[in-house]
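Each step along the sequence shown adds one to the number in the UniProt record's numbering, with nothing skipped, and position 49 is 49.
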Amino acid sequence: MYDVIVVGGGVTGAASAALLAREGLRVLVCDRTRLPAPAVSTHFFGPTTLSFLDRLGVLDEVLATGAPPLRRWHLEVEGGYYGAPMLPRSPYHYNLCVRRETLSGVLLRAASRHGAEIRERSPVRSLRRDGDQVIGIEGAGWSEKARIVVGADGRGSPTARQAGAATTFDAGAMRCTFHAYWEDVVPLPSPALELWHDGGHVLQVGPCDGGRWVVMLSAPMGEYAAIRGDEGYERLLRSIPAMADRLRAARRVSPVYASKSLRNFHREPAGPGWRLAGDAYCHKDPLFGAGITDACVAAETLAATVPLAVDGDTPQARESYATTLDERVGRKVRAGLAGLRIDPPEPGQLAWIRGVLAHPGLALEMTRRCSELFAGLPEDRRDFWQRVADGASEVLGLPPAASVDPS
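Given below as structure tokens:
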């Protein structure tokens with residue numbers, strides 16, 4: 001009998017197993033694939049996740065993967081450029097870009113050191129039940145019992161489906177995503193988290209572990225067929241003059257990973273004997289750049305609530321987990337989606353955008369005046385811009401945004 005079985009050995013499952021095993025629980029991690037495994041995702045994370053990795057005792061191992069600290073951010077918008085250092089708002093005033101299989105490998109080793117059992121290539125076929133209570137899992141010719149089963153098996157979670165977890169929010173898919181790994185990209189003078197906006201397309205670019213670069217492209221859904229495949233992806237990248245220059249001697253060293261079914265949704269996260277975490281609970285477009293952070297949030301929430309449930313999974317224990325996840329993950333996604341639009345600028349706006357980006361002093365002065373400008377906006381628009389400002393501060397590692405509430 002295990003205290004906890006975690007289904008899925010990605011970042012969410014591995015981090016959860018490490019924390020739960022460190023709490024002294026008997027933990028089993030099962031995954032249908034060989035571990036660690038890659039994932040279609042953004043690879044960037046910042047101070048919140050770095051702090052989590054440090055508390056877990058694995059930050060030095062993550063840094064040793066060779067992913068350079070990204071202490072600057074670099075913004076390209078319709079041919080205009082603006083760059084700046086990431087200002088200190090914690091001891092970790094930088095970002096990292098680490099492939100998911102590398103990061104989950106570090107976390108799986110930590111889970112194993114704390115006593116968790118890792119079982120790869122062991123697909124789970126069904127949940128075991130005693131009435132309404134989930135009491136374990138079953139595979140092909142094997143079964144295991146547990147007091148709590150955690151589904152950390154991604155947005156298509158079989159655990160969620162078999163547990164009967166209801167979808168409680170669904171905004172559908174808004175963008176399609178493509179990413180690939182490159183070598184010999186022309187670097188910037190200093191490593192940076194790069195965000196590019198061009199004609200309704202968004203690129204996230206950065207040097208990662210293993211001497212590679214990741215170039216992720218987010219595009220409108222209607223362009224999926226035209227971009228899908230190696231040629232379409234590369235053709236679009238090389239149509240952007242500054243990006244073509246960066247890639248002039250580069251080699252793509254992986255397939256192009258494409259995804260069209262990136263629904264933004266969340267599910268009921270807890271029931272008798274089961275919990276959902278990571279994308280199994282709440283999946284959002286990779287453009288949010290929050291997947292790794294939310295995985296760590298779920299792991300810490302499990303570690304805070306599951307030990308109290310192994311002696312008896314009460315409605316109060318389930319409610320505590322569900323409420324915390326909604327406050328820290330679900331609500332943030334719903335708010336972000338309410339104002340997410342990425343449209344190409346009107347022709348008349350381009351000169352203004354390029355002019356502002358070309359004058360950092362002007363850009364800084366504009367941000368200082370934002371509170372005065374926002375004071376005249378209707379309340380709903382102030383709320384929207386506050387969310388935008390707060391999200392930018394989190395992603396770019398800037399100090400907390402000023403309040404736009406005129407009161």
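For glycine and all other residues, C-beta sits at the position ideal for the given N, C-alpha and C.
This structure is a prediction, so every number in the text was calculated from the model and none was measured.
Start-end ranges of the alpha helix (DSSP H) lying completely within the segment 232-299, minimum 4 residues = 241-246
Answer with buried or exposed for residue 269, where buried requires no fewer than 16 other C-beta atoms within 10 angstroms of its C-beta.
-> Residue mapping note: residue 269 aligns to position 269 of the sequence shown, counting from 1. Counting Cβ neighbours within 10 Å, residue 269 comes out buried, since at least 16 surround it.
Collapsed DSSP secondary structure at residue 216 in the structure displayed = Within the sequence shown, the letter at position 216 stands for residue 216. In the structure shown, residue 216 sits in a strand (DSSP, three-state: E or B).
Taking only the alpha-carbon atoms, compute the straight-line gap between residue 45 and residue 266 and give it to the nearest angstrom.
-> Counted from its first residue, the sequence shown places residue 45 at position 45. Counted from its first residue, the sequence shown places residue 266 at position 266. Cα-Cα distance, rounded: 21 Å.
Are the segment 319-330 and the segment 34-53 touching by the rule of at least three beta carbon pairs closer than 8 Å?
-> no
C-alpha distance - residue 287 paired with residue 111, whole-angstrom precision = Residue 287 sits at position 287 when you count from the first residue of the sequence shown. Residue 111 sits at position 111 when you count from the first residue of the sequence shown. Computed Cα separation, rounded: 29 Å.
Could you pull out every residue in the same chain whose Cβ sits closer than 7 Å to the Cβ of residue 316, ignoring the five residues on either side in sequence?
-> For the purposes of this step, residue 316 is taken as the residue at position 316 of the sequence shown. Closer than 7 Å at the Cβ level, and outside the excluded window around residue 316, lies no residue.
Nearest-angstrom beta carbon gap, residue 330 and residue 411 [assumed within contact, 8 Å] = Examination of residue 411 is not possible in this model, given that the chain is present from 1 through 407 alone.
Can you give the beta carbon distance from residue 342 to residue 202, rounded, assuming they're within the 8 Å contact cut?
-> In the sequence shown, the residue the question calls residue 342 occupies position 342. In the sequence shown, the residue the question calls residue 202 occupies position 202. So it is a contact: roughly 6 Å between Cβ atoms.
List the endpoints of the continuous alpha helix (DSSP H) containing residue 104.
-> Here the question's residue 104 lines up with position 104 in the sequence shown. 100-113 is the span of the alpha helix (DSSP H), which, as asked, contains residue 104.
Can you list the alpha helix (DSSP H) stretches of 4 or more residues lying completely in the segment 16-96, in chain order?
-> 47-56, 59-63
Flag this pair as touching only if the segment 99-118 and the segment 59-78 have three or more C-beta atom pairs under 8 Å; answer yes or no.
-> yes
Determine the DSSP secondary structure at residue 346, reduced to helix, strand or coil.
-> Counting from one through the sequence shown, the residue named residue 346 turns up at place 346. Residue 346: coil per DSSP, three-state reduction.
6 Å CB neighbourhood of residue 207 in its chain, flanking five on each side removed | Here residue 207 is taken as the residue at index 207 of the sequence shown, counted from 1. The answer, listed in chain order, is 68, 191, 213.
Only counting runs of 4 or more residues, tell me where the alpha helix (DSSP H) segments fall wholly within the segment 124-181, in order along the chain.
-> For the segment 124-181, the full-length alpha helix (DSSP H) segments reaching 4 residues or more read 158-163 along the chain.
Count the C-beta pairs between the segment 149-168 and the segment 7-17 that are closer than 8 Å, then say yes if the count reaches three, no if not.
-> Yes: the two stretches touch, three or more of their Cβ pairs being nearer than 8 Å.
Report the residue from 226, 225, 230, 204 whose alpha carbon sits nearest the alpha carbon of residue 218.
-> On the sequence shown, position 218 is the one that residue 218 refers to. Minimum Cα distance to residue 218 is reached at 204.
Same chain, Cβ closer than 6 Å to residue 256, five either side skipped, listed in chain order | As a position in the sequence shown, residue 256 is number 256, starting the count at 1. Result list for residue 256: 178, 180, 230, 233, in chain order.
What are the residues that DSSP puts in a beta bridge with residue 206?
-> Residue 206 sits at position 206 when you count from the first residue of the sequence shown. According to DSSP, residue 206 bridges with 214.
My understanding is that residue 139 touches residue 124, with C-beta atoms under 8 Å, so please give their C-beta distance in whole angstroms.
-> As a first step, residue 139 must be located in the sequence shown, where it is residue number 139. As a first step, residue 124 must be located in the sequence shown, where it is residue number 124. Their Cβ separation, rounded to whole angstroms, is 6 Å, which keeps residue 139 and residue 124 in contact under 8 Å.
Can you tell me which of 260, 132, 134, 157 puts its alpha carbon nearest to the alpha carbon of residue 172?
-> Taking the sequence shown and counting its residues from 1, one reaches residue 172 at position 172. It is 260.
When we look at the beta-carbon of residue 162 and count the other beta-carbons within 10 Å, is it buried (16 or more) or exposed?
-> Numbered from 1 along the sequence shown, position 162 holds the residue referred to as residue 162. With 16 or more Cβ atoms within 10 Å of its Cβ, residue 162 is classed as buried.
Out of 273, 23, 30, point me to the one whose CA is closest to residue 14's CA.
-> As a position in the sequence shown, residue 14 is number 14, starting the count at 1. With distances taken between Cα atoms, residue 14 lies closest to 30.
Taking residue 131 as the reference, give the member of 272, 226, 302 with the closest Cα.
-> Taking the first residue of the sequence shown as 1, we reach residue 131 at position 131. Residue 272 is the option with its Cα nearest to residue 131.
CB of residue 338 within 8 Å of CB of residue 20, strictly | In the sequence shown, counting from the first residue as 1, residue 338 sits at position 338. In the sequence shown, counting from the first residue as 1, residue 20 sits at position 20. Cβ distance not < 8 Å, so residue 338 and residue 20 don't count as in contact.
On the premise that residue 22 lies in contact with residue 409, defined as a C-beta separation below 8 Å, what is that separation, rounded to the nearest angstrom?
-> Not covered by the structure: residue 409. The range shown for the chain is 1 to 407.
Spatial neighbours of residue 49 in its chain, beta-carbon cut-off 6 Å, leaving aside the 5 residues before and after = Here residue 49 refers to the residue found at position 49 of the sequence shown. Only 292, 293, 296 meet the Cβ criterion.
For the alpha helix (DSSP H) that residue 318 lies in, which residues bound it at each end?
-> Within the sequence shown, residue 318 is the residue found at index 318, counting from 1. Unbroken alpha helix (DSSP H) run through residue 318: 315-325.
Among 197, 235, 277, 133, nearest to residue 252 - alpha-carbon criterion = Taking the first residue of the sequence shown as 1, we reach residue 252 at position 252. Minimum Cα distance to residue 252 is reached at 235.
Residues sharing a beta bridge with residue 224, DSSP = Against the sequence shown, residue 224 aligns to sequence position 224. Bridge partners of residue 224: none, in fact.
Sub-8 Å separation of residue 39 and residue 116 beta-carbons = Within the sequence shown, residue 39 is the residue found at index 39, counting from 1. Within the sequence shown, residue 116 is the residue found at index 116, counting from 1. Against a cut-off of 8 Å, the Cβ pair of residue 116 and residue 39 comes out as no contact.
Nearest-angstrom Cα distance between residue 183 and residue 211?
-> As a first step, residue 183 must be located in the sequence shown, where it is residue number 183. As a first step, residue 211 must be located in the sequence shown, where it is residue number 211. Between residue 183 and residue 211, the C-alpha separation is close to 7 Å.
Pull up the CB-CB distance for residue 147 and residue 3, whole angstroms please, since I reckon it's below 8 Å.
-> As a working mapping, residue 147 is identified with position 147 in the sequence shown. As a working mapping, residue 3 is identified with position 3 in the sequence shown. Residue 147 to residue 3, Cβ: 5 Å. Contact.
Determine which residues share a DSSP beta bridge with residue 198 and list them.
-> Within the sequence shown, numbered from 1, the residue matching residue 198 stands at position 198. DSSP output for residue 198 lists 201 as bridge partner(s).
Figure out for me which residue from 60, 119, 290 has the closest Cα to the Cα of residue 332.
-> Numbered from 1 along the sequence shown, position 332 holds the residue referred to as residue 332. That would be 290, whose Cα lies nearest to the Cα of residue 332.
Report back the beta-carbon spacing between residue 75 and residue 237 to the nearest angstrom; my notes put them in contact at under 8 Å.
-> Here residue 75 refers to the residue found at position 75 when the sequence shown is read from its first residue. Here residue 237 refers to the residue found at position 237 when the sequence shown is read from its first residue. The beta-carbon distance between residue 75 and residue 237, rounded to whole angstroms, is 17 Å. This is too long to meet the 8 Å contact definition.
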